[in-house]
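Everything below concerns the one structure shown next.
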Amino acid sequence: MDKKIALVLENGVIFEGFSFGYEAPVAGEIVFNTAMVGYPESLTDPSYAGQILTVTYPLVGNYGVPEDTIVNGLSGFYESEKIQVSGLIISEYSYQYSHWNACKSLGEWLKEHKVPGVYGVDTRELTKLIREKGSLKGKIVFDSPDEIDFYDPSEENLVAKVSCKEVLYYGTGSKTVVLVDCGVKHNIIRCLLQYDVRIIRVPWDYDFNTLPYDGLFISNGPGDPEHCAITVRNIRKAMETGKPICGICMGNQLLAKAGGASTYKLKYGHRSHNQPVKVKSATGLFEDGKNGEIREAGERCFITSQNHGYAVDIKTLGEEWEELFVNMNDGTNEGIRHRTKPFFSAQFHPEAASGPTDTKFLFDKFIKLI
Amino acid sequence: MQHPSIFNKLIPNVVSQSSIKKVLLLGSGALKIGEAGEFDYSGSQALKALKEEGIITVLINPNIATVQTSEGVADKIYFLPVTPFFVEKVIEKERPDGILLSFGGQTALNCGVDLYRSGVFEKYHVKVLGTPVQSIIDTEDRELFVRKLDEIDVKTIKSIAVESIDAANSAAESLGFPVIVRAAYALGGLGSGFCNDGDELKALAEKAFNYSGQLLIEKSLKGWKEIEYEVVRDQYDNCITVCNMENFDPLGIHTGESIVVAPSQTLTNQEYHKLRELAIRIIRHIGIVGECNVQYAFDTVSEDYRVIEVNARLSRSSALASKATGYPLAFVAAKLGLGYGLNELKNSVTKSTTAFFEPALDYIVCKIPRWDLGKFHGVSHEIGSSMKSVGEVMAIGRSFEEVIQKGLRMISQGMHGFVANKELEVPDVDKALSEPTDKRIFVISQALAQGYTIERIHELTKIDLWFLQKLQNIHLCAGKIEQYQSIESLPENLLREAKQKGFSDYQIAKLLFKDTNKASEEKLNLRKRRKSLNILPVVKQIDTLAAEYPAQTNYLYLTYNGTANDVHYLGDKRSIIVLGSGAYRIGSSVEFDWCSVNALNTIRERGWRGVMINYNPETVSTDYDMCDRLYFDELTHERVMDIVELENPHGLILSTGGQIPNNLALSLDKEGVPILGTTAASIDNAEDRHKFSSMLDRLGIDQPRWKELSSLEDIDSFVDEVGFPVLVRPSYVLSGAAMNVCSNAAELEQFLKLATNVSQKHPVVVSEFIENAKEIEVDAVAKKGDVITYAISEHIEFAGVHSGDATIQFPPQKLYVETVRRIKRITRAIAESLQITGPFNIQFLAKDNDIKVIECNLRASRSFPFVSKVLKFNFIEIATRVMLGEEVEKPSKSEFDLDYVGIKASQFSFSRLQKADPVLGVDMASTGEVGCIGDDYYEAVLKSMLSVGMRIPKKNILISSGTVRSKLDLLDASRLLHEKGYIIYATSGSHKFLSENNIPSILVYQPSEDLKPNALELIRDKQVDLVVNIPKNLTPGELTNGYRIRRAAIDFNVPLFTNSRLASAFVHAFCIMDLKNVPIKSWDEYK
């Protein structure tokens, strides 16, 4: 029998479960994701730094975990070099797994990375609590509820924690893309490398304006964009050059900030594979319609993968900008573009991994611009 | 810039194609293997979607027992065959603006393609809504399909035709071993086989070239995973995949024969989304507007795949996906056909978010097929690439162990889950694992018990290890429970674990006490103990988005893998629970769904909350729009009690869902559950043969003599008394059918030896069998023993054909007034004596005016929708009102005032059941039925026979007319055929008889005779277009000439009649009526 442990929430609710990961208490913000596949990708997504993840799909661990190889800081299967979540909460754990490319179980992997895991929790009930309370702090404890204090990750600059510490280079293509690493998912790098580019991956606070480049790419990342004032300043400077800029997730928020907008914390963060977004902008970037992607604005919709708790307040966006995508469920902003300059960004994840690949064409759009 | 406000623009009021004012929808006709209740559900949803738009709807569907053919579902309903001839006639009359082809299965699709090709749509300016016909053709024609997918670099399963061994070798090299070799143009798979390498290929190819000059080399995908996606596209090219599903059984077993789970369980993110992306690429390229299903073969050791097929229509899988996710695919597809974009429609569960989204599940569902192969003589139990199952169940839960065990109980074939069942006799476990039958899942259980490793089972079955690991968990848990001998000693943790793994209380009790009787006694004590430990199931909602947003959903299931209920109970006793009918099977299908839905409708109309419990994904009753609460869960005593304790209802209705709910009456009553309508004691008095019989004796009502006997000597002496033939019903069946008619001592002896095992413990019931008697049925509703309304109907066939297979005429056309009077009198007496409140059905035998009662069911019967619709008086509505305790007036309407006739005819699926003898007997074999209305008897007979797939012969008819009696039955018909210019071919006896009666015929020889013209040859060469073959005696012999003729007729798709009275009725119908003159009248035109 596995060790009986508990998940303690800041509102006093306690869920009992069993340990299947590393045995040490942990605290963080509890978030849920409704994706039905992709736990290796989710767990290594740096945007989850500081968070304890609960997966609403009840059966987890089914296909084990693949053996990873990391070459020049680029992982073969994962989204970063390590597990980024602070803890994992699930309903039903598959001790045994079955997949041709698996080399270990989810539990073994969690132990390796010193991340606790709890199974046997009514994750639907937990999700309903998180949904109603908005953000919810919690902790996984082993012996007593007081063995660790609650922790609020929004107070910390998590981007600084997960960003690379030095400049890294990838590819040998003819165009140069500077990638600002706010906690970049490796699939963004993989997607870019499919084109004729060379990537310079720089830390979040690096002044890339000193570098020669053809296009700027701002990555996803964890937490509150307020912490990234340095990055916003650098982007603002880059905008003056008029060179193409693209952003994803945190990148959307930072570009919007550079464009004068403010951001706010969502009541219900978007963490799933089934977020519907539709094209809002009727002009510019998507007018060509050549790839059959956009025909009539407003009627063109995509299913997207998302993972964010903050959003751009579109009312605060400057005159020269417009909203590019909008969320069809709650009407929140899903992307912006500049009316005249080649700057655009998406709040969702066109690189997927994990999630649907409907919007991968955005990389084409970026590459065409540079 | 404005802040987006998308919610107020979700539903435009007008259809973008506002020219569409009237739409024709084609139904799928009678239920058959491969085309069942799912199309009643899809069609009903589509009609609802059209109605919402104010569009006038016209429906053609002869399946009178369906919900979609109920009053108010469509504006005009035609009970006519779904064939190009009749559909064109209806189009000519109704002049619809648009037509929907994808909601009535393959039947509607094929009919639509025919009409398109013959220019009928163009001629009458009918627009095909949704997917264009060319897209349908592109998916149906194998060559076009492969070419089409080649255009977008999507891999399909291809075969390469070769004419030499060298070419075979290079073909295999290019495809990659293993390969399948098929000899082209060779029947029955002669010369085909698997090859793992070049040597095997050489050996096999050499042999195969003996059969055929051409071989087809195909990559073998045996053992690959089978994965399906349900994809939706609107005319603006927006696409979503609503659900994916994974087959438990690997490739090689038809998906309709497979256990299936949703969502997929063994695919990684990369794999899941690779196939999703392909599915969207395919649907866009083919140009579907609406819904389609993409089936893949997926490698188990790489990300290689092949597309198996694309169904450009609603399908069984789409119905399953709708129920699995709560996303109403058919409803949405119909709206998309009208020109809506997905973003303009709303999510019908949340009612606030958009329909352009992909459901996130926070549970797992498991579909298990239901077979009834035991009902057929001579059919093989092996399952494979063709479908044989007649129904399915869907279990919902939060672990695989939970859903598979729930599902195995739901198929209700005496199994209690994966373990703790009656032991199967499996002589060769290895073989039974590698050559799958309908029992394979239980063979796996047995193999685990015998110590097989899951690796070994995987080797033999190719079932993914993940599924086997989970099955092993169940097995191991059972082993832990077995170590205890009493309820008290069973540790709390283990009990909880067992419940989380889907064990029923009975299973646990059986494992503790190792005895079935003791388990039945103790299961309620276990329940008490469980409740005292607070080990209870929780109720969870299906909300399409895994609790991400709040949703008002009434779609529920129960699970032990959770700690909190999603639902708050009012406890106001204003809800009424209706128990549904479970899996469709032979003898219980869509008709009980109609009854359940009508009971729910009435309950809600009369101001109560209607609650449904059912688990059949093919039904309308499990559409969460049909009730105030839907529990998609088991119909076992344990689960019904769980729900009753939560709901605290005013009462339960058991009498509209067929036999499964009826069987729960006594045990629920014992627990004090309020059962509405006839009391459980009365139900028992009718169901218990002895009690019922002595009641009839008391009332002075006659019945065929019968006795329950437990030794061969007793049987012999009883037969001496009543004489042959006798009907024999064993209480324990070894193999084959459960019931049989024996005409002589030899047959009796053979049946008793082969099929059963007579003993004190397993007695048989032997009844006198009355030949050439009419069979009459009464469907009725009574209140406190007083008959409120009744419908008397008459079988065309004589007694001996199961009432579910018989052709029924209503109102009766050939009954004596005195017979009717006596039947009414007996009906009243029985209703009075049993104090019936609610629906009931009695079956009678009548010979001259001598009436005997065969059986009485205190519940709605199979024919309730038929008589209700023909009479235009809803028997279930009045029965429900009676059960609610309302005062009702007796209707003034009588069947004897009707100016038209209804005929209910049975649909058989013998073509799907290789080797089965297509003969009718005392055990039911039909899979569905139709009901047609005509101004006279022959018109109704003709329409109904054409509706079940019979065709009017053009020229030649083959007759082997059986016994003297049936020869006489067919004499008039034969004369009529001759007069109409038909040429009759007859086997020797029939030829002689016809000659004696001055009817010319051509003598043909029996299959066993090596002489020409031979009956088999005539059928094979399609020289005859109708076969009448009446079996000589009532025991089916597999190797007789008759069997071979009948089977050939089925295999070569020649209409076949095996009952002389029905054959005679059909012959008269098409000889007297000209098809051209058959009136095309909708239901409401019969007044």
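Residue numbers (numbering that gives the first Met the number 0), protein chains in the order written: chain Y, 0 to 369; chain D, 0 to 1086.
C-beta atoms are modelled at their ideal positions from N, C-alpha and C, and glycine is treated no differently.
Please read these numbers as outputs of a predicted model, since none were measured by experiment.
1) Looking at the C-beta of Arg305/D, does it have a partner C-beta in chain Y at a distance below 8 angstroms?
2) Does the region 102-115 of chain D come into contact with the region 130-141 of chain D, if we say contact requires no fewer than three beta-carbon pairs (one atom in each stretch) closer than 8 angstroms?
3) Please confirm whether Lys277/Y has its beta-carbon closer than 8 angstroms to some beta-carbon of chain D.
4) Any idea which residues DSSP pairs His269/Y with across the strands?
5) With H, G and I counted as helix, E and B as strand and the rest as coil, what does DSSP make of Leu475/D?
6) Should Cys102/Y be labelled buried (16 or more other beta-carbon atoms within 10 Å of its own) or exposed?
7) Would you give the residue range spanned by the alpha helix (DSSP H) that Glu87/D belongs to?
8) Check distances from the C-beta atoms of the region 395-423 of chain D to those of chain Y and list, in chain order, the residues that come in under 8 angstroms.
9) Just list the residues that DSSP pairs Met386/D with in beta bridges.
10) On a CA-only basis, which of Tyr614/D, Gln484/D and Arg305/D is nearest Gly579/D? Give me that one, please.
11) Suppose the cutoff is 7 angstroms on Cβ atoms and the five residues either side in sequence are ignored; what does the same chain contact list for Arg94/D look like?
12) Under 8 angstroms Cβ-Cβ, which residues of chain Y neighbour Thr1087/D?
13) Assign Pro224/Y to one of three DSSP states: helix, strand, or coil.
14) Give me the Cα-Cα distance between Asp44/Y and Ile198/Y, rounded to the nearest whole angstrom.
15) List, in order along the chain, the chain Y residues whose C-beta lies closer than 7 angstroms to that of Asp1172/D?
16) So is Gly11/Y buried or exposed if we call it buried at 16+ other beta carbons inside 10 Å?
17) Against chain Y, with Cβ distances strictly below 8 angstroms, would Arg275/D count as a contact?
18) What is the rounded straight-line gap between the Cα of Asp248/D and the Cα of Ile382/D?
19) Roughly how far, in whole angstroms, is the beta-carbon of Pro1136/D from the beta-carbon of Leu1061/D, given that I think they are within contact range, below 8 angstroms?
20) Taking buried to mean at least 16 other C-beta atoms within 10 Å of its own C-beta, is Ala664/D buried or exposed?
21) Once you ignore the five residues that flank Ser43/D on each side, which residues in its own chain have a CB closer than 7 angstroms to its CB?
22) Report yes or no: is there a C-beta of chain D within less than 8 angstroms of the C-beta of Phe360/Y?
23) For Gly187/D, I'd like the list of residues in its chain whose CB is within less than 6 angstroms of its CB, leaving aside the five on either flank, ordered along the chain.
24) In whole angstroms, what separates the C-alpha of Ser79/Y from that of Leu493/D?
25) Identify every run of the beta strand (DSSP E) within the region 149-228 of chain Y, keeping only runs that are complete inside it and at least 3 residues long; order them along the chain.
26) Mind checking who His794/D pairs with in its DSSP beta bridge?
27) Is it right to say Ile51/Y is buried, meaning 16 or more other beta carbons lie within 10 angstroms of its own, or is it exposed?
28) In three-state terms, what does DSSP make of Asp298/D?
29) Which residues in chain D sit within 8 angstroms of Glu124/Y, going by Cβ to Cβ distance?
30) Just confirm the distance between the C-beta atoms of Gly377/D and Ala915/D, as a whole number of angstroms; I'd bet it's less than 8 angstroms.
31) Nearest to Cys855/D by CA position, among Met882/D, Val881/D and Ser802/D, is which residue?
32) Within 8 angstroms of any Cβ in chain Y, is that where the Cβ of Ser551/D sits?
33) Taking Ala878/D as the reference, give the member of Asn597/D, Val442/D and Val241/D with the closest Cα.
34) When you compare each of Glu91/D, Gly36/D, Ser519/D and Ala35/D to Val57/D by their alpha carbons, which one comes out closest?
35) Would you kindly work out how many angstroms separate the C-alpha atoms of Phe176/D and Leu200/D, rounded to a whole number?
36) Measure from the alpha carbon of Cys931/D to the alpha carbon of each residue in Ile19/D, Leu695/D, Ile63/D and Leu328/D, then state which is nearest.
With the structure as the only source:
1) no
2) yes
3) Yes, Lys277/Y counts as interfacial toward chain D.
4) His307/Y
5) helix
6) Note on Cys102/Y: under 16 other CB atoms within 10 angstroms of its CB, so exposed under the neighbour-count rule.
7) Pro83 to Glu93
8) Arg397, Ser398 and Phe399
9) DSSP links Met386/D through a beta bridge to no other residue.
10) Tyr614/D
11) Tyr123
12) In the structure as shown, chain D begins at 0 and stops at 1086. Residue 1087/D is therefore absent and cannot be evaluated.
13) helix
14) 20 angstroms
15) This structure gives no information on residue 1172/D, because the portion of chain D shown stretches from 0 to 1086.
16) exposed
17) yes
18) Taking the CA atoms as reference points, Asp248/D sits about 11 angstroms from Ile382/D.
19) Summary: the structure shown does not reach residue 1136/D, with chain D confined to residues 0 through 1086, and so no result is reported for it.
20) buried
21) Counting only Cβ-Cβ distances below 7 angstroms, and skipping sequence neighbours, we find Val66, Gln67, Val72 and Val619.
22) no
23) In this prediction, Gly187/D scores a pLDDT of 49, lower than 50, which makes its location untrustworthy; the coordinate-derived value is nonetheless stated afterwards. The answer is none, since no qualifying residue turns up.
24) 40 angstroms
25) 167-169, 174-180, 196-202 and 214-217
26) Ile807/D
27) buried
28) coil
29) Gly561, Thr562 and Ala563
30) 5 angstroms
31) Ser802/D
32) Checking the displayed sequence, the identity of residue 551/D turns out to be Gln instead of Ser. Not closer than 8 angstroms to any Cβ of chain Y, the Cβ of Gln551/D fails to qualify, so no.
33) Asn597/D
34) Selection Glu91/D, Gly36/D, Ser519/D and Ala35/D evaluated against Val57/D yields Glu91/D as nearest (Cα-Cα).
35) Rounded to whole angstroms, the separation of the alpha carbons of Leu200/D and Phe176/D is 10 angstroms.
36) Considering only Ile19/D, Leu695/D, Ile63/D and Leu328/D, the residue with the shortest C-alpha distance to Cys931/D is Ile63/D.
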